[in-house]
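Just so you know, we're using our numbering here: the sequence shown kicks off at 42 and counts up by one. The beta carbon of each residue, even a glycine, is placed where N, CA and C say it ideally should be.
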Amino acid sequence: MSLDLHHRAVVADAHNDLLMAVAARPPERWGSFFRERWLPQLRAGGIDIQVLPVFIDEQYRPEGALRQTLRMIECAHVLAEENAEHVALCLDGADIDRALAENRIALVLALESAPGLDASVELFSTVHRLGVRIASIAHWGRTPLADGSREDATGSRLTAPGTLAVQEMERLGMLFDISHLGASGVAHVLELATRPLIATHSNARALRDHHRNLTDEQIRGVAATGGVVCVNFIPDFLTDDQAKVGVDRVVDHIEHIASVAGTDHVGLGADFVREVIADVTPPCCENTDGEDPHFDFPELEGPAGMPLVTEALLRRGLPEEDVLKVLGGNMRRLMAAHLGVRKEDLGVREEHLGVREGRTAVRDEHKAARTEGTAHAAR
Ligand SMILES: [Zn+2]
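Right, here's the structure in full:
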C-alpha cells in the first residue's frame, strides 16, 4: 500500500552528489558507470526528479575549479545523452513534465557553491546556457561571494558580487540555494529575494543544533518566499545521538519543518554522501584517520531506501496528500513556476498561475516581523 503510493508519487531528491562519482571515471565510462551503478538505485528508490549538484572537490580548488566545473557539467550532459531512454536533463517545468510522462528521470543541474566562477558574476549566465538551473554561493568556508555556515562567527553578509549573484540568478530563472550559507548571509538573502529560495539539503536546527541546519526563523523566511526546505539524511545533521539514527528521525525533521512553515514548504534532499565517497575513495585510502564523520545509516544509505521514507510518513499519520507534497509535489510546483523562467517573463507566468498576490502579502508580513526583530536587537 505504501509502496504503491511511493511509486505513484512524484519523488524529488534535491541533492545527490553522484556526479562526483561518475566524473571520477574516464569520460568513456561516464554513461555506462551511471547506468550500472546509479540508475538501478534511482529506479529502485522511485526517484522521478534528481537534482545533480556540481561539487568541486578540494583538490581542484582554486586553480582547477573552473575546468572541473565544466568537466562535471559535460559529464551530466554525456550521462543523460547516453542513457536517453531512462533520464533527461531538464531546463524548465515543461521539460520535467515531458520526462515524467515518458517515465524518464528528470535531471536538474545545480552548482554546490560556485568556486569555478570566483567573483565573475557574469559567468552565472554562461553556466545557465550550459543547463545549470540551481546554485548556492558558498560551501563550508569563505568564497568571494559569501561565507559558508562554518564561518558563522564572522557575521558576514554577502559581498557586493554575492549580492549581484542573487539578482543575476533571479533574472535568469536559477533557483538560489541557501544550504551551506552562513546565518548572516541567509538573513541578507531573505532581504534581497524577490523570488522563491530553496534549501536543497538542510535540516531543522531546533532538533539538531548544527551550523548546517536552519533555525525556525530561517525556515519561515524560506517559506515566505514561496520556497522549499529539503531534508538531509546525513546522520550528523539529523541528531547527535547514534541511537536515534533512523528513518523516523528524518520524519521528525520533516514534521518539524512542516509545523513551522506548512506542508507546502518541505521536501527531500537526501545527500547520500557515503555512497558517493565509497565510489571515489580507493580501498587503500578509506578511513585513514580512523574516524568516520558520519554515523552508520544502514537502511537509508542510498536512493534505493527512499520508499522507507514514504512508509514512515504514513505510519506517522501524515495524510496522503501531504505525503505526496513532501515526496516531490512541492519541488515540482516550485520548478514548474520558476525553473528557467526569466524574471521578465515571470509576471505573465504568475498571473496565469494566480499566485503573486498571496506570496507578496506573506513576504511583506515576514519583512515587517524582521524589521521589528532588528529594532529589538538595536535596543
Ligand atoms: Zn552539501
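Residues bridged to Cys131 by DSSP?
According to DSSP, which records beta bridges pairwise, Cys131 is partnered with nothing at all.
Mind the definition here: the segment 216 to 227 touches the segment 187 to 195 only if three or more C-beta pairs lie below 8 Å; say whether that holds.
yes
Determine the burial state of His48: buried for a count of at least 16 other Cβ atoms within 10 Å of its Cβ, exposed for fewer.
exposed
Go ahead and pull the three-state DSSP assignment for Ile318.
helix
By Cβ distance below 6 Å, which residues in the same chain neighbour Gly214 in space, the five residues on each side in sequence not counted?
Gly381, Val382 and Arg383
Determine the direct distance from the alpha carbon of Ile275 to that of Val173, and round the result to whole angstroms.
25 Å
I need the DSSP call for Gly303, collapsed to helix, strand or coil.
coil
Check: Val317 C-beta below 6 Å from any heavy atom of ligand 3
In terms of ligand content, the structure shown lacks ligand 3 and carries ligand 1 instead.
Which ranges would you report for the alpha helix (DSSP H) in the segment 229 to 257 if only whole runs of at least 4 residues count?
none
Within the same chain, show all residues whose beta-carbon is closer than 6 Å to that of Thr329, passing over the 5 residues directly before and after it, in chain order.
For Thr329, the predicted model reports a pLDDT of 47, less than 50, meaning its position is unreliable; a value from the coordinates is still stated below. The answer is none, since no qualifying residue turns up.
Under the DSSP definition of a beta bridge, which residues are partnered with Gly308?
Cys271
Compare the C-alpha of Ala179 against each of Val95, Thr256 and Gly262 and name the closest.
Val95
Closest to Gly343 by C-alpha separation, out of Arg373, Ala311 and Ala140, would be which residue?
Ala311
Do the segment 132 to 143 and the segment 195 to 213 meet, that is, are 3 or more Cβ pairs less than 8 Å apart?
no
Would you say Ala302 and Arg357 are within 7 Å of each other, going by their C-beta atoms?
no
Going by C-alpha to C-alpha distance, which of Arg198, Val128, Cys116 and Ile137 sits closest to Ile146?
Val128
Would Ala53 and Met347 be called neighbours here (beta carbons separated by less than 7 Å)?
no
Contacts around Arg246, its chain only, beta-carbon distance under 7 Å, and the 5 residues preceding and following it disregarded:
Asn254, Leu255 and Thr256
Can a CB atom of chain C be found closer than 7 Å to the CB of Glu342?
You won't find chain C in this structure, because it holds only one protein chain.
Taking the straight line between their C-alpha atoms, what separation do you get for His252 and Ala140?
36 Å
Asp58 - DSSP class collapsed to helix/strand/coil:
coil
Since Val364 and Leu46 are thought to touch, with beta carbons under 8 Å apart, how far apart are those beta carbons, to the nearest angstrom?
7 Å
Could you work out which residue in Glu296, Arg76, Asn57 and Met61 is closest to Glu126 when comparing CA atoms only?
Arg76
For Leu93, list the residues DSSP reports as bridge partners.
Leu150
Using the beta-carbon count (16 or more within 10 Å), is Thr304 buried or exposed?
buried
On a Cα-Cα basis, can you pick out the residue from Ile97, Val51, Ile88 and Cys116 that is closest to Pro67?
Cys116
When burial is assigned at 16 or more other CB atoms within 10 Å of the CB, is Leu148 buried or exposed?
buried
Start and end residues, alpha helix (DSSP H) containing Ile114
Ala106 to Glu122
Have a look at Gln259 and Ile298 and give me their C-alpha separation to the nearest angstrom.
11 Å
Compute the Euclidean distance between the alpha carbons of Arg420 and Val207, then round it to the nearest angstrom.
Confidence in Arg420 is poor, its pLDDT being 40 and thus under 50, which makes the residue's placement too unreliable to answer from.
If you check the beta carbons only, do Ala201 and Pro156 fall under 7 Å apart?
no
Can you list, in chain order, the residues of its chain with a C-beta nearer than 6 Å to that of Val51? Leave out the 5 residues immediately preceding and following it.
Asp89, Gly369 and Arg373
Cα separation between Ala121 and Asn244?
30 Å
Closest by CA to Ser43, which one among Asp386, Pro360 and Arg183?
Pro360
Taking just the CA atoms, how far does Ile295 sit from Leu341?
16 Å
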